[in-house]
Structure formats: structure tokens, C-alpha cells
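Since the structure comes first, as C-alpha cells, the remarks are kept for the end.
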Amino acid sequence: MKACLFLAAFISASPAFAAEQPPCAPWADMKLALAEKFHEFQIAGGLINEKLLLAVFASAGGATWTTVGVGSDGNACVFSVGTDWFLNKPAAPAASGRES
Numbered sequence: 001m002k003a004c005l006f007l008a009a010f011i012s013a014s015p016a017f018a019a020e021q022p023p024c025a026p027w028a029d030m031k032l033a034l035a036e037k038f039h040e041f042q043i044a045g046g047l048i049n050e051k052l053l054l055a056v057f058a059s060a061g062g063a064t065w066t067t068v069g070v071g072s073d074g075n076a077c078v079f080s081v082g083t084d085w086f087l088n089k090p091a092a093p094a095a096s097g098r099e100s
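For the sequence shown, the numbering used here begins at 1 and goes up steadily by one.
The structure is reproduced here in C-alpha cells:
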């Protein structure tokens with residue numbers, strides 16, 4: 001349902017490409033849309049390469065989440081959406097038995 005609503009929100013901006021391309025918008029507009037429409041805020045991010053950043057957004061409690069790719073040109077496109085976001089704590093590394 002969320003994916004359909006999000007796609008519908010951006011279809012009006014570029015109807016000719018709606019079926020072919022993911023929803024895209026300037027980065028500031030994308031952050032605002034996710035905050036206003038889905039109450040999602042950026043919780044994580046990382047570089048994919050020198051021209052592309054991955055940003056992860058989630059609502060409080062993780063009810064919904066969205067991943068967004070942000071290009072060096074300032075354009076942001078939705079990669080994926082989902083529900084029930086959770087965080088795993090990394091396990092402590094096992095002792096190797098060797099001294100450093």
C-alpha cells in the first residue's frame with residue numbers, strides 16, 4: 001500500500017516515465033515528502049560509490065522504511081520500500097585463541 005501511495009505522489013511530476021523509472025525528486029524534496037507523508041526520517045546511510053549515496057529512512061518504531069539513492073547531482077530516487085524495519089546488534093567476535 002505504501003509503495004503505491006508513494007508512487008502515486010510522484011507520478012504527477014513525470015507521468016511519461018512513471019511505469020519505467022522509480023520515483024525521483026531533488027534530495028531536499030524527497031526528504032520532505034518522506035517526512036510529511038510517511039513520518040520517516042533518515043536513520044542510516046553510506047556511499048555506494050563516489051557518485052551515489054544510499055540513505056535509509058524509517059518511521060518511529062520501524063513500521064515503514066524506504067531506501068533512497070542520492071546522486072552527486074542532488075537527485076534522489078527510491079530504491080525500495082517496506083515494513084517492519086529492525087536493527088540487529090552485531091555479535092561479538094569469537095575469540096581466535098591467538099594473541100595479537
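Note that beta-carbon positions come from the ideal geometry of N, C-alpha and C, so glycine has one too. Nothing here was measured: the structure is a model prediction, and the numbers come from that model.
- Per DSSP, the continuous beta strand (DSSP E) segment holding Ala55 begins and ends at Leu52 to Ser59.
- With respect to the C-alpha of Leu54, the residue from Thr83, Ala76 and Asn88 having the closest C-alpha is Ala76.
- Between the C-alpha atoms of Pro90 and Ser80 there is a straight-line separation of about 24 Å.
- Taking C-beta separations shorter than 6 Å and ignoring five residues to either side along the sequence, the partners of Gly82 in its chain run Trp65, following chain order.
- Under the DSSP definition of a beta bridge, Ala44 partners with Val56.
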